[in-house]
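Protein chains in written order, with the numbering used here: chain A, 1 to 342; chain B, 1001 to 1342; chain C, 2001 to 2342; chain D, 3001 to 3342.
Pasting the structure below:
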């Protein structure tokens, strides 16, 4: 950690910083320059917090050198982590495709979709039973009935399921029905929920909040990992941007940054990011070419009648077409598009 | 609601949109232009959702005319809402100052701060007992012990308290100790938590998420209001920006927009927004001049030793100075700075 | 164009809006709803400007239906435009690779790079002779000498050149030496410069400003097109974002939006967008998979000694490797990676 | 400057960094930590550029300690700069109000506005004769005729004028007619234009680009200052934000940051920032309370007929009202609202 003193700070103030560093069992290294004094703290920086120093008299700024996460970091786990979900893998060389409707609406809808997803080769079935909605007046999901519908439809076609959990009191319930627990973008920093899903025997699919830095996403993963659940998959789904041509702003470079800094699998959700059907497929292809471990896309047999997110859901035929295009892209980057067997 | 058809959409597709509008008991108004057909839905738009139309074949875009919130809207409640908290009011002409440490750390710390806040005229005491922290390795708050310390210190000086609740399972607990329940920025769209605090007899202090639009903030308020709890105060605390000179980007124009569109009190937290002590006071003055109903600022007797957010906490003397400067600003805009009596 | 009246606006105010529409030779269509009156202007909307109405008494908001650009729009030019540059094409099915150093620094440097670019199959040589630099104290480019060096090095290997022009007084000079005139991101709304390059016989390579919407980029293209120069190529190079992991935030969905709304070729510059060598290649691959007509990347024989942008420039060997990876991606999406012949 | 080496970098790579620092006549200070080596460059950092090091092998990141600007910095010029314009001052304790129409449209319009501005106490008259417009089809200004109209109307009421120059070839022309040269937000990084206005005998009013950091704004000021023109006023006018409730996002904390880091006067333009009449006045009051040296607002005798920016222009009566409210705010913060004498 580097601590930069203000230009007018007295030597005593620098001494106080040094003292605090040494009190923590680390070594301090002082550089007195012409304009400013700079102090380096040498040792295991994870013992330090910038806030221990930023408030000290005479301190201008504090720059951490090390990342604040450990279990999520590639520094401490060099190989890609691979999360096994049913017969499929997420991470490493595998390319995964998670697909299904935004919301579970009815048995028929989910069954039709499940078959379409499996037939086209999708590897997991998604569908929301508990829906976080901006408006209290919007459809909030079918709850436990939705979980059952999803489980049954998936079982029929042999796919594992991914579904969102949004309440600490429902983690156990959702874990009874689903194979993977999704933490939605709005709950990325619901730390109590992260702690709870860190304690169950289910892989976690953690979506980036639209205001979160990559580091904050990895810190949220750290909450889950530090509870002992090592099966975490990350998902980029668009951050806030100023151009209203797309719903959110898909940050594909985040995929490359995460692959450099972390060993965790990182997938991309182009449906929520763009909000427009015609942009979903090009962004899915771009994601895989850019190094993502997979995509999550919304598929609905009849998007015109969808109770949520109609304009961004693909019809089964469009999904099939997307799968056909993804294969050659995965090959081109030396990876393997996994496919459900029919 | 206005539905714009794609230029190449067939008349049948427009007819299908009209049919859906009429099925909902509203009237449709069709304008066939040279380039495009445009359809207006006439009637109570709160019955409609853009998503019912955006997914229909041939639809290019859907533009709602009415706001999606109702109870939070000034259209349905013309007068400013005033929330009473102990002997003080928030909203209308009153200017409120909520102050205290970021985290409750010890009895001494909170007592000293409480006295300083009261002596300078502050109207509510804040302090975090349950802390949402980006890192699982950071100080997470003293929990129930912290709630007790805060309550006791506030009682000694006769101030009401504001503290954050971040878990649906702790709403009752926090409500037993605190006068006002704060929903932190990261939980602004934790809809289950909003629903829970909508059901207790405590005013709610709802902070804007750094990625949230003003409309989304008001929709989150609508969750609380629609459960029957009408005592909601809003708080602008900075959104995500690209310039790292400040921690977040304080959006003061949001105050003016909210005062135009909603009747709810809106306060400003310049401490979290800027992250730097020397910027807190100018932004507090700007907030009140720009129409805010008050400010929330962090005060700590010894910020150098603070366990969180040291660099942005004011020492008691700086807080006293800020109060002295706020009075004339409130006067200048024809409002009343409330002051605790000593 | 849709004009929404305020809920309390009198009928006379709506009449005044109708009058203004009719004064312009268009037809007005009035829908009086329960809560609001809405007025549609029917006819060629490019005759109207939102600002003619937004300021009228009683008007709440104005929503254009048509795009404000015409020559750049796919509505008026359905087929992809293809810009020919020397023996190469940009647009349509062709994938172009523009490469070269950030700045022209010396004959040796540019010659070595030119050969490396050509040998690896790159289709145009880039290099800055006039450099827009944030600081007046930074290297500002070699000026006309740089133009000569670039031209000569390119001629030796048979590649066309792209270089930036940043002053209206130098358009002719740059056009004498270069095959394609680049308008840099900072000058995207230097309308006088756009007008000037619209009058020369050189294709224009127009980069998106980090604060510009896609619509604004297309409006800037419209400046060039409306002067009679139809050979415009667009370039996405990253917009402002809040995460400092990358220099700018690459907006790849913009590529898909532009391909939908415009016929102009759209390329991507992953070097400036990410600012980090190790992110350039994955983002180049993602760009092509996502539909971009090509990429512009920085190549330098010895980036450690570069006078600008060292950390983002590829060494020749890395560039060769990138070209090898781009081919299969282009094939996978049914497009053709053009290659310089050796 | 601090250079952080990658964890796996060899000692030879660190030596190469040290060598380069010493080659530049500075001293290097090496801290070899458990995880990483960190190198400080001691001496006048303005001799160094991050880019000299960021591209070196084994370097992970480079952190400048000193600001990259000098003449604009408060470190080298402790007192507030005061720019004199006619009988008025901008900077220090003075509060300036610049007002007038967005565009010069006619003699009548500007004369009426000039009288209204002067009568209400405004200190400078603004008005655009050369207008930068996103669309080539929008009104581009009256050109030299507009300059004459503005000069004559201002002369009649005894006010100095501010008008935009947007072409390097017109700097002299505009300087013949106007008292202050405005560099618009879109030209903030038109470095040639900055250099030209640095060479004329006119104060410069430099607006922040919506994508510019505060540091970039100060670097642009440095261009003007380094040419010898020390009369620079800065203006915050809103940056890009994700919420469409306001046109841009007014960054008032930037005012406080600039006052801390620079000695230059900083004004605020709430008209362009918000784009809505009803938000202009609260934000003008907030700006002055927050420390701005003045505001620039748009005033039009008949905004409904304005050729540009109708919805954000104040009518004269609203402007008078705003002036009446600004006085007490200026008093409250111990500053002086200058007023034109009638």
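For each residue, glycine too, the CB sits at the ideal point set by N, CA and C.
| Query | Result |
| --- | --- |
| Those residues which DSSP pairs with residue 3183(D) across a bridge | 3206(D) |
| Cβ-based contacts, 8 Å cut-off: residues of the segment 32–51 of chain A near chain C | none |
| The segment 271–288 of chain A / the segment 2253–2269 of chain C touching (three or more Cβ pairs under 8 Å) | yes |
| Exposure of residue 3019(D), with buried meaning 16 or more beta-carbon neighbours within 10 Å | exposed |
| Per-residue contacts from residue 1274(B) into chain D (C-beta, under 7 Å) | 3253 |
| Proximal residues of chain C, C-beta to C-beta of residue 246(A) below 7 Å | 2253, 2257 |
| Minimum Cβ-Cβ distance from residue 3024(D) to chain A less than 7 Å | no |
| Close Cβ partners of residue 2309(C) (< 7 Å) along its chain, the five nearest in sequence each way excluded | 2102, 2298 |
| Residue 266(A) and residue 217(A) closer than 7 Å at C-beta | no |
| Terminal residues of the beta strand (DSSP E) in which residue 1039(B) lies | 1037–1042 |
| N-terminal and C-terminal residue of the beta strand (DSSP E) that residue 2049(C) is part of | Note, residue 2049(C): premise wrong, no beta strand (DSSP E); not H, not E. |
| Among 164(A), 140(A), 243(A), 290(A), nearest to residue 2329(C) - alpha-carbon criterion | 290(A) |
| Selected residue, minimal CA-CA separation from residue 1058(B), among 1013(B), 1069(B), 1064(B), 1091(B) | 1013(B) |
| Given 8 Å, three or more beta-carbon pairs between the segment 1068–1084 of chain B and the segment 1108–1127 of chain B | no |
| Closer than 7 Å at the beta carbon, the chain C residues around residue 205(A) | Result: empty, since nearest Cβ-Cβ is about 21 Å, beyond 7 Å. |
| Chain C contact for residue 3191(D) (CB, 7 Å cutoff) | yes |
| Residue 3089(D) (DSSP reduced to helix, strand or coil) | strand |
| Local conformation of residue 1226(B) per DSSP, three classes | helix |
| Environment of residue 1169(B) [buried if 16+ CB atoms lie within 10 Å] | exposed |
| Rounded Cβ spacing between residue 2238(C) and residue 2248(C) (contact assumed at less than 8 Å) | 3 Å |
| Min CB distance residue 2003(C) to chain B below 7 Å | no |
| DSSP bridge partner residues for residue 1236(B) (one or two, in chain order) | 1268(B) |
| Three-pair Cβ contact test at 8 Å for the segment 1145–1158 of chain B versus the segment 139–151 of chain A | no |
| Close-in-space but distant-in-sequence residues of the same chain around residue 3271(D) (CB under 6 Å, 5 per side omitted) | 3280, 3297, 3298, 3312 |
| Beta-ladder partner(s) of residue 2002(C), from DSSP | 2040(C), 2063(C) |
| Own chain residues within Cβ distance below 8 Å of residue 1211(B), not counting five before or after | 1239, 1240 |
| Chain-order list of residues whose beta-carbon lies under 8 Å from that of residue 974(B) (same chain, five-residue window excluded) | Residue 974(B) lies beyond the stretch modelled for chain B, which goes from 1001 to 1342, so this question has no answer here. |
| Near-chain C residues of the segment 3155–3187 of chain D (beta-carbon distance less than 7 Å), N- to C-terminal order | 3166, 3167, 3168, 3169, 3186, 3187 |
| Neighbour-count burial assignment, residue 1010(B), 16 or more Cβ in a 10 Å radius | exposed |
| Three-state class that DSSP yields for residue 3429(D) in the structure shown | Lying outside 3001 to 3342, the shown extent of chain D, residue 3429(D) is not represented and no answer is given. |
| CB contact flag (residue 3053(D), residue 3002(D), <7 Å) | no |
| Residues near residue 2321(C) in its chain [Cβ-Cβ closer than 6 Å; skip 5 each side] | none |
| Short-range partners of chain B found in the segment 3283–3300 of chain D, where Cβ spacing is below 8 Å | 3283, 3285, 3286, 3287, 3288, 3289, 3290, 3291 |
| Chain C contact for residue 332(A) (CB, 7 Å cutoff) | yes |
| Reduced DSSP secondary structure (H/G/I, E/B, other) of residue 142(A) | coil |
| Test: residue 249(A) CB closer than 7 Å to a CB of chain B | no |
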